[in-house]
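Residue numbers (the numbering used here): 233 to 442. See structure below.
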């Protein structure tokens, strides 16, 4: 009797990308520590962000090319992970669990003129499958012993992850708390992203173990 094939699980480099040159315009008076507690830390831990700390919009800060400004990728990072309306609509066809999308606008350097494709969303993944990553078999290292934070090893290519097969069940995008900058996807979602030619994030297959 043939052994059943293991499911496919993917990891995307979206959260690990070098930030694009767009800056966020935060509410007046919002301190850096408030931003960290309200947005940065929750995004890293796959928890809901504080909506009072969300940026009002993002604006070009001098780095993006004219081609980028005319047609930004469907997903990229500028402090926070941003997804286009097109990508958001695709994601909503899948099991997102409690994951949330917070609308923002992309603008030019003058902070007033919207880009041609201006409607984007902050992707706030709030689903976790804790224990799905085999830390010993994956290319990650412990970078903060006190907090137990792991990160991709710099001396290895991105995407060297071994995932337990049970993680293929349930929600389609998910992360693990304390594994930094890493977002995993189901095979069905990865196939849809390829079929729709979603621009921006790379998709790398994980090794799947029992």
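All C-beta atoms in this analysis are idealised placements derived from N, C-alpha and C, irrespective of residue type, glycine included.
Helix, strand or coil for residue i per DSSP?
i, result
"residue 292", "strand"
"residue 255", "strand"
"residue 339", "strand"
"residue 435", "strand"
"residue 441", "strand"
Sorted by chain position, which residues of the same chain lie with C-beta nearer than 8 Å to residue i's C-beta, five sequence neighbours on each side aside?
i, result
"residue 440", "238, 239, 240, 241, 394, 395, 396, 397, 400"
"residue 253", "292, 293, 294, 295, 296, 310"
Do residue j and residue i count as a contact pair if the criterion is CB distance below 9 Å?
i, j, result
"residue 328", "residue 291", "no"
"residue 308", "residue 301", "no"
"residue 365", "residue 331", "no"
Only counting the same chain, and skipping five residues up and downstream in sequence, which positions put a Cβ closer than 7 Å to that of residue i?
i, result
"residue 431", "305, 306"
"residue 381", "375, 410, 412"
"residue 348", "302"
Please work out which residues of its chain come closer than 6 Å, Cβ to Cβ, to residue i, disregarding the five sequence neighbours upstream and downstream, and give them in chain order.
i, result
"residue 391", "243, 436"
"residue 256", "287, 290, 311"
"residue 438", "241, 243, 393, 395"
"residue 351", "317"
So, is the C-beta of residue i closer than 9 Å to a C-beta in chain D?
i, result
"residue 408", "In summary, chain D is missing from the structure at hand, where a single protein chain is found."
At 4 residues or longer, and completely inside the segment 381 to 433: list those alpha helix (DSSP H) runs for me, N to C. 419 to 427
Ignoring anything shorter than 4 residues or poking outside the segment 299 to 333, list the alpha helix (DSSP H) runs there in chain order. 317 to 323
Starting from the N-terminal side, write out each stretch of the alpha helix (DSSP H) that is 4 residues or longer and does not extend beyond the segment 346 to 378. none
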